[in-house]
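Number 153 in full-length UniProt numbering belongs to position 153 of the sequence shown; there are no gaps in the numbering. Positions of the beta carbon are idealized from the N, C-alpha and C atoms, including for glycine.
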Amino acid sequence: MKQTEYKVVGRLLPSVKNPTPPLYRMRIFAPNHVVAKSRFWYFVSQLRKMKKANGETVYCGLVHEKTPLKVKNFGIWLRYDSRSGTHNMYREYRDLTTSAAVTQCYRDMGARHRARAHSIHIMKVQEIAANKCRRPAIKQFHVGQLTSYIIHPRTVLCYGTGSDCSLLRYRVRLFSATVPGQTVLCYGTGSRSDCSLLRYRV
1 MKQTEYKVVG RLLPSVKNPT PPLYRMRIFA PNHVVAKSRF WYFVSQLRKM KKANGETVYC
61 GLVHEKTPLK VKNFGIWLRY DSRSGTHNMY REYRDLTTSA AVTQCYRDMG ARHRARAHSI
121 HIMKVQEIAA NKCRRPAIKQ FHVGQLTSYI IHPRTVLCYG TGSDCSLLRY RVRLFSATVP
181 GQTVLCYGTG SRSDCSLLRY RV
């Protein structure tokens, strides 16, 4: 499930003994605001002597990425419960936003370690520089020039008459409902040549 970053602020309910209780802010990654507030009280009750019954949520809002169009490296420190015990872990991901990197982490942990989402505790998420990365899967993207190539190029060459080639060109569509075929090479010369037969298969 896609994770979103929330900032949740809560405190104890004001009382005669403590009319201005301190505020506690926490960075939470959750699929929605309901789960975010629930996770907030789960963690706060372990750190402070307060719980949802005697407290209140002051603020719960989304945290938006400042540079969502820039690819960044993220280091994630987490703790999760497996079948045999509790484990600490450090992982690295490369993505556009912090929320997307954490979503990658949740899916990766579920795939590699069979970790459930409720058993994963994100302790720290930090953007890291390229020279600080440790994992080879992330460092492979830090070379000078990266180029991508077309996996299955589609070339249409026709050496027939003008009418055959014009009909062949019209059959090459920008969008098609079928899987792209092989490269079409036509060396025919007449209207009933191989070009006429191939144009129906493009």
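Tell me, to the nearest whole angstrom, how far the beta carbon of residue i is from that of residue j; I am working on the premise that it is less than 8 Å.
| i | j | result |
| --- | --- | --- |
| lysine 139 | tryptophan 77 | That pair is no contact at about 19 Å. |
| glycine 55 | arginine 83 | Between arginine 83 and glycine 55 the Cβ distance is about 33 Å, and since that is not below 8 Å, they are no contact. |
| asparagine 6 | leucine 96 | Per the sequence shown, residue 6 should be read as tyrosine rather than asparagine. Actually they do not touch by this definition, with Cβ atoms about 18 Å apart. |
| alanine 36 | phenylalanine 74 | No, alanine 36 and phenylalanine 74 are not in contact; Cβ-Cβ is about 19 Å, not under 8 Å. |
| histidine 33 | cysteine 60 | 5 Å |
Looking at the unbroken beta strand (DSSP E) that takes in residue i, where does it start and where does it end?
| i | result |
| --- | --- |
| methionine 26 | 24-30 |
| cysteine 133 | Segment: none, cysteine 133 is in no beta strand (DSSP E) and carries neither H nor E. |
| arginine 107 | Note, arginine 107: premise wrong, no beta strand (DSSP E); alpha helix (DSSP H) at 98-113. |
| cysteine 72 | Note on identity: in this sequence residue 72 is lysine, with cysteine being the wrong assignment. 72-81 is the span of the beta strand (DSSP E), which, as asked, contains lysine 72. |
| arginine 116 | That residue, arginine 116, is in no beta strand (DSSP E); it is neither H nor E in DSSP. |
| residue 219 | Since the first residue shown for the chain is 1 and the last is 202, residue 219 is missing from the structure and cannot be characterised. |
| glutamate 56 | 55-62 |
| asparagine 88 | 86-95 |
Which residues mark the beginning and the end of the alpha helix (DSSP H) in which residue i is found?
| i | result |
| --- | --- |
| leucine 146 | Neither: leucine 146 is in no alpha helix (DSSP H) and is coded neither H nor E. |
| arginine 48 | Here arginine 48 belongs to no alpha helix (DSSP H), and DSSP marks it neither H nor E. |
| histidine 121 | Counting along the chain, histidine 121 falls outside any alpha helix (DSSP H), though it belongs to the beta strand (DSSP E) covering 120-128. |
Decide if residue i is buried, meaning its Cβ has at least 16 other Cβ atoms within 10 Å, or exposed.
| i | result |
| --- | --- |
| tyrosine 170 | Only weak support exists for where tyrosine 170 lies, its pLDDT of 49 falling under 50; the value from the coordinates is given anyway. Exposed is the call here. |
| serine 99 | buried |
| valine 143 | exposed |
| arginine 201 | Since pLDDT at arginine 201 reaches only 47, below the 50 mark, its modelled position is unreliable, and no value is offered. |
| phenylalanine 141 | exposed |
| leucine 198 | For leucine 198, the predicted structure reports a pLDDT of 48, less than 50, and the residue's modelled location is therefore unreliable. The matter cannot be settled from this model. |
| lysine 72 | buried |
| valine 16 | exposed |
| residue 230 | Only positions 1 to 202 of the chain appear in this structure, which leaves residue 230 out of reach. |
Taking only the alpha-carbon atoms, compute the straight-line gap between residue i and residue j and give it to the nearest angstrom.
| i | j | result |
| --- | --- | --- |
| leucine 69 | alanine 115 | 30 Å |
| alanine 53 | phenylalanine 43 | 14 Å |
| isoleucine 122 | phenylalanine 29 | 8 Å |
| glutamine 104 | glutamate 92 | 10 Å |
| asparagine 131 | leucine 146 | 17 Å |
| arginine 112 | methionine 1 | 16 Å |
| histidine 64 | lysine 49 | 31 Å |
| tyrosine 90 | threonine 4 | 20 Å |
| proline 19 | lysine 66 | 37 Å |
| valine 58 | valine 9 | 5 Å |
| isoleucine 107 | alanine 117 | The residue you asked about is not isoleucine; residue 107 is arginine in the sequence shown. Approximately 9 Å, taken between the alpha carbons. |
| serine 45 | leucine 13 | 14 Å |
| glycine 85 | serine 119 | 11 Å |
| glutamate 127 | arginine 94 | 10 Å |
- Message: Any contact between the segment 14-27 and the segment 77-91? By contact I mean 3 or more CB pairs, one from each, below 8 Å.
- Response: no
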